[in-house]
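Everything on this sheet refers to the single structure shown next.
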Amino acid sequence: MIISDKHKYVFIELPRTGSTAIANELREQYDGIPILYKHATYEEFLRDATPEQREYFSFSGIRNPLDDVVSVYAKYAQDPRKLYRDPEKLKVQSRNLLERIRDRRRVRFIERGNAEFADFFLKFYRFPYSRWSELSHTSFDFLIHFERLQEDFSEALTLIGIEPRRPLPERNRTGGKANDYLSYYTPETIARAKWVFGPYMKKWGYAFPEEWGEVNVSWWNQLEFRLVNNLKGTYWKYLRPQLAKLRSMAHQGV
2 MIISDKHKYV
12 FIELPRTGST
22 AIANELREQY
32 DGIPILYKHA
42 TYEEFLRDAT
52 PEQREYFSFS
62 GIRNPLDDVV
72 SVYAKYAQDP
82 RKLYRDPEKL
92 KVQSRNLLER
102 IRDRRRVRFI
112 ERGNAEFADF
122 FLKFYRFPYS
132 RWSELSHTSF
142 DFLIHFERLQ
152 EDFSEALTLI
162 GIEPRRPLPE
172 RNRTGGKAND
182 YLSYYTPETI
192 ARAKWVFGPY
202 MKKWGYAFPE
212 EWGEVNVSWW
222 NQLEFRLVNN
232 LKGTYWKYLR
242 PQLAKLRSMA
252 HQGV
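Each residue of the sequence shown is one higher than the one before, starting from 2 at the first, in the numbering used here.
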């Protein structure tokens with residue numbers, strides 16, 4: 002998370018939305034200062050923020066889930082820096098034990114069967130897609146869409162009252178991933194994707210490719226989406242911050 006008391010903004014870093022590039026640029030060019038930890042939620046910020054900071058311009062990123070899940074697979078499958086295969090690096094990459102267990106399980110699945118994206122997707126994506134963007138993104142002052150990262154970042158700066166100094170440098174790009182993420186989807190995964198991504202895409206204004214045919218988000222699909230959000234929301238709001246504190250204390254030797 003990045004804050005600037007000078008320019009009165011706070012940037013919330015949702016993973017895989019260009020947040021690394023934006024955070025670095027805010028620090029290097031626009032008086033941003035890191036607080037809490039990289040992917041801390043806005044709720045965590047509000048617990049410690051001053052009354053004035055609570056009024057700062059808040060912004061974060063959002064990304065088409067069809068693209069995001071392909072990026073997740075590519076990170077696990079390629080992993081050039083061994084972030085998910087080296088136990089010590091995994092401790093840094095994953096915020097807590099639960100996330101390390103999840104990451105190792107997924108990597109092992111890919112390694113043991115040389116799994117393609119379709120295998121990975123059908124194995125691990127069965128319920129409606131949900132991220133911690135569901136916590137506070139609707140209340141933020143601005144959202145930067147990954148699909149138009151440069152344009153939206155410049156617009157965010159303008160809204161804050163800052164003149165953009167240069168184009169946003171590219172950082173932390175996922176290697177080994179085809180530019181056309183739709184090419185990863187097979188007829189079988191398309192059918193699943195409509196169910197998994199339908200409610201999220203409807204909520205955030207994303208559209209499925211026309212060639213995929215009609216997509217109807219049923220009331221049952223919406224209900225399951227809300228239930229998943231409620232369950233995950235408990236983890237994101239309460240358990241995840243506590244696990245992050247324990248990790249920080251362990252590193253400090255407390």
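All C-beta atoms in this analysis are idealised placements derived from N, C-alpha and C, irrespective of residue type, glycine included.
Note that the coordinates shown come from a computational prediction; the quantities given were computed from them, not determined experimentally.
Taking 6 Å as the limit between beta carbons, can you name the residues of its chain near residue i, skipping five residues before and five after?
i	result
LEU15	SER61, GLY62, SER134
PHE226	PRO129, PRO200
In terms of residue numbering, what span does the alpha helix (DSSP H) encompassing residue i cover?
i	result
SER20	20-30
GLY114	98-114
VAL229	220-235
PHE121	118-125
TYR57	Per DSSP, TYR57 belongs to no alpha helix (DSSP H) and is neither H nor E.
TYR46	Looking at the sequence itself, residue 46 is Phe, so the reference to Tyr does not match. PHE46 -> alpha helix (DSSP H) spans 43-49.
Can you list, in chain order, the residues of its chain with a C-beta nearer than 7 Å to that of residue i? Leave out the 5 residues immediately preceding and following it.
i	result
TRP237	THR42, TRP133, LEU136
TYR186	ALA194
GLU45	LEU37, PRO242
GLY199	VAL216, VAL218, ASN222
Which term fits residue i, buried or exposed, when burial requires 16 or more other beta carbons within 10 angstroms of its beta carbon?
i	result
THR18	buried
GLU56	exposed
ALA24	buried
TRP221	exposed
ARG103	exposed
ASP49	exposed
ASP80	buried
ALA22	buried
TYR10	buried
Leaving aside the five residues before and after residue i along the sequence, list all residues of the same chain whose C-beta is less than 8 Å from its C-beta, in chain order.
i	result
PRO168	GLN151
ARG7	The sequence given here places Lys at residue 7; Arg does not occur at that position. Taken in chain order, the residues that qualify are ASP32.
Mind checking which residues open and close the beta strand (DSSP E) that includes residue i?
i	result
VAL11	10-13
ILE4	3-5
Given 8 Å, three or more beta-carbon pairs between the segment 148-158 and the segment 112-121: Result no; under three Cβ-Cβ pairs closer than 8 Å.
Inside the segment 61-88 only - alpha helix (DSSP H) runs reaching at least 4 residues: Those alpha helix (DSSP H) runs which fall completely within the segment 61-88 and span 4+ residues are 66-79.
At least three beta-carbon pairs within less than 8 Å, the segment 64-77 to the segment 36-50: With a cut-off of 8 Å, the segment 36-50 and the segment 64-77 do not count as touching, because too few Cβ pairs lie within range.
The segment 73-80 contacting the segment 25-37, beta-carbon criterion three pairs below 8 Å: No contact exists between the segment 73-80 and the segment 25-37.
Length at least 3, wholly inside the segment 132-210: the beta strand (DSSP E) runs in chain order: For the segment 132-210, whole beta strand (DSSP E) runs of length 3 or above, ordered along the chain, are 143-146.
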